[in-house]
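In case it helps, our numbering puts the sequence shown at residues 6 to 119. A short write-up of the structure that comes next.
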Amino acid sequence: MDDTIFDKIIRKEIPAKIAYEDNKFIAINDVNPQAPLHLLIIPKENIPTLNDASDSHKQLLGEMLLLAKNLAKHFGVDEKGYRLVLNVNDDGGQTVFHLHLHLLGGREFGWPPG
Ligand code: 5GP
């Protein structure tokens with residue numbers, strides 16, 4: 006299993022601004038934010054990409070979405086709205102190969118994305 010920057014953050018070997026943590030997830034502020042609120046919701050289990058998820062991850066993936074919803078409410082962007090992004094592999098723009106969900110809020114996002 007490849008060790009990524011997120012594995013090092015999970016192990017507290019590299020600092021990050023932690024917005025939330027429990028035994029299954031850590032949510033950190035993105036170092037290069039694309040919106041006033043830009044969190045990365047990271048399962049602690051190292052699943053490299055969504056392509057590597059299986060039926061055994063159903064509960065974890067559901068919990069990740071519910072955590073995103075709860076964090077959006079906690080940070081006050083739920084009413085106006087927010088965007089969730091999950092990049093997969095190179096064409097999807099994935100740069101860190103440890104599954105993570107971007108939670109972006111605090112500004113308006115266009116559609117289709119640029
Ligand atoms: P991806 O492109 O893989 O979907 O998203 C990776 C994200 O991780 C990028 O938005 C990038 O800014 C962020 N990132 C990369 N390295 C670090 C780091 O060391 N700390 C934090 N907090 N974010 C990082």
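Yeah, the Cβ is synthetic: ideal placement off N, Cα and C, and Gly gets one too. All values reported here derive from a predicted model rather than from experimental measurement.
Given residue i, which residues of its chain have a CB within under 6 Å of its CB, disregarding the five upstream and five downstream residues?
i: Leu42; result: Phe80, Val82, Gly110 and Gly111
i: Ile14; result: Ala21
Taking the alpha-carbon positions, what's the residue i to residue j distance?
i: Leu97; j: Leu44; result: The sequence given here has Gly at residue 97, not Leu. One C-alpha to the other measures close to 18 Å.
i: Ala32; j: Leu91; result: 14 Å
i: Thr9; j: Ala77; result: 26 Å
i: Gly115; j: Gly86; result: 12 Å
i: His107; j: Ile52; result: 16 Å
i: Lys121; j: Lys17; result: The first residue shown for the chain is 6 and the last is 119, placing residue 121 beyond what the model contains.
i: Leu66; j: Ala40; result: 24 Å
i: Asp27; j: Met69; result: 12 Å
Is residue i buried or exposed, if buried means 16 or more other CB atoms sit within 10 Å of its CB?
i: Ile19; result: exposed
i: Leu23; result: For clarity, residue 23 is Ile in the given sequence; the question names Leu instead. When all chains shown are included, Ile23 counts as exposed.
i: Leu72; result: buried
i: Pro117; result: exposed
i: Leu104; result: buried
Suppose the cutoff is 8 Å on Cβ atoms and the five residues either side in sequence are ignored; what does the same chain contact list for residue i look like?
i: Lys74; result: Asp83
i: Val93; result: Thr54, Leu55, Asn56 and Gln99
For chain C, find out if any of its Cβ atoms is closer than 8 Å to the Cβ of residue i; answer yes or no.
i: Asn94; result: Checking the listed chains, one finds no chain C in this structure; it contains a single protein chain.
Subject >> Runs of beta strand (DSSP E) lying entirely within the segment 11-63, each at least 3 residues, in chain order >> reply: If we require 3 residues or more, the beta strand (DSSP E) runs fully inside the segment 11-63 come out as 23-26, 30-34 and 42-48.
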